[in-house]
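Here my numbering is used: the first residue of the sequence shown is 70, the next is one more, and so on.
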Amino acid sequence: EDGANFSAGQRQLLCIARALLSRCSLVLLDEATSSRALIQRTVRSAFGHATVLTIAHRLSSVLDADKIMVLEAGRLVEFGSPQELMAKSGGAFRQLVVSGASS
């Protein structure tokens, strides 16, 4: 009843299916959903018409995004394409990528 017999992941998949069928113009994904490779590919191909906001904690979830917002302590510190943000020598996003690559 009320979806209690579904896991959290199954409920997320149902929400994505509903958004696909109704051709939503805005889709919000959390890290748990957005990090699954199959779902990422589906979202990119099926929601090309929509704005997709991904709350991500893993760089791999956003490296191919059109635009990235970098937040620190709840404040916007950078906004731009991954290429633009990587070009900033002292930028927060670049530091995250470099530190992630070395760990």
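Virtual Cβ for every residue (Gly too), placed ideally from N, Cα, C.
Handout entry: Endpoints, beta strand (DSSP E) assigned at L132
Key = To locate residue 132, count along the sequence shown from 1; it is residue 63. Looking at the DSSP string, L132 is not in any beta strand (DSSP E), and its letter there is neither H nor E.
Does the Cβ of V167 have 16 or more other Cβ atoms within 10 Å, making it buried, or fewer, making it exposed? Locating residue 167 in the sequence shown gives position 98, where the first residue counts as 1. V167 should be labelled exposed.
- Message: Under 8 Å, with one C-beta from each stretch per pair, do the stretch 109-127 and the stretch 90-97 reach the 3-pair mark?
- Response: yes
Worksheet item: How is R127 classed by DSSP in three states: helix, strand or coil?
Response: By one-based count along the sequence shown, residue 127 stands at place 58. Looking at R127 - three-state DSSP - the assignment turns out to be coil, as it is neither helix nor strand.
- Query: Does the Cβ of A86 have 16 or more other Cβ atoms within 10 Å, making it buried, or fewer, making it exposed?
  - Reply: For this step, residue 86 is matched to residue 17 along the sequence shown. When all chains shown are included, A86 counts as exposed.
By the DSSP assignment, the beta strand (DSSP E) with G78 in it spans what residues?
Residue numbering aside, residue 78 sits at position 9 when the sequence shown is read from its first letter. No beta strand (DSSP E) holds G78; the alpha helix (DSSP H) holding it covers A77 to L90.
- prompt: Who are L107's beta bridge partners in DSSP?
  reply: For this step, residue 107 is matched to residue 38 along the sequence shown. None, per the DSSP bridge assignment.
Item to complete: Quickly, what does DSSP pair G149 with across the bridge? List them, please.
Response: Here residue 149 refers to the residue found at position 80 of the sequence shown. Per DSSP, I137.
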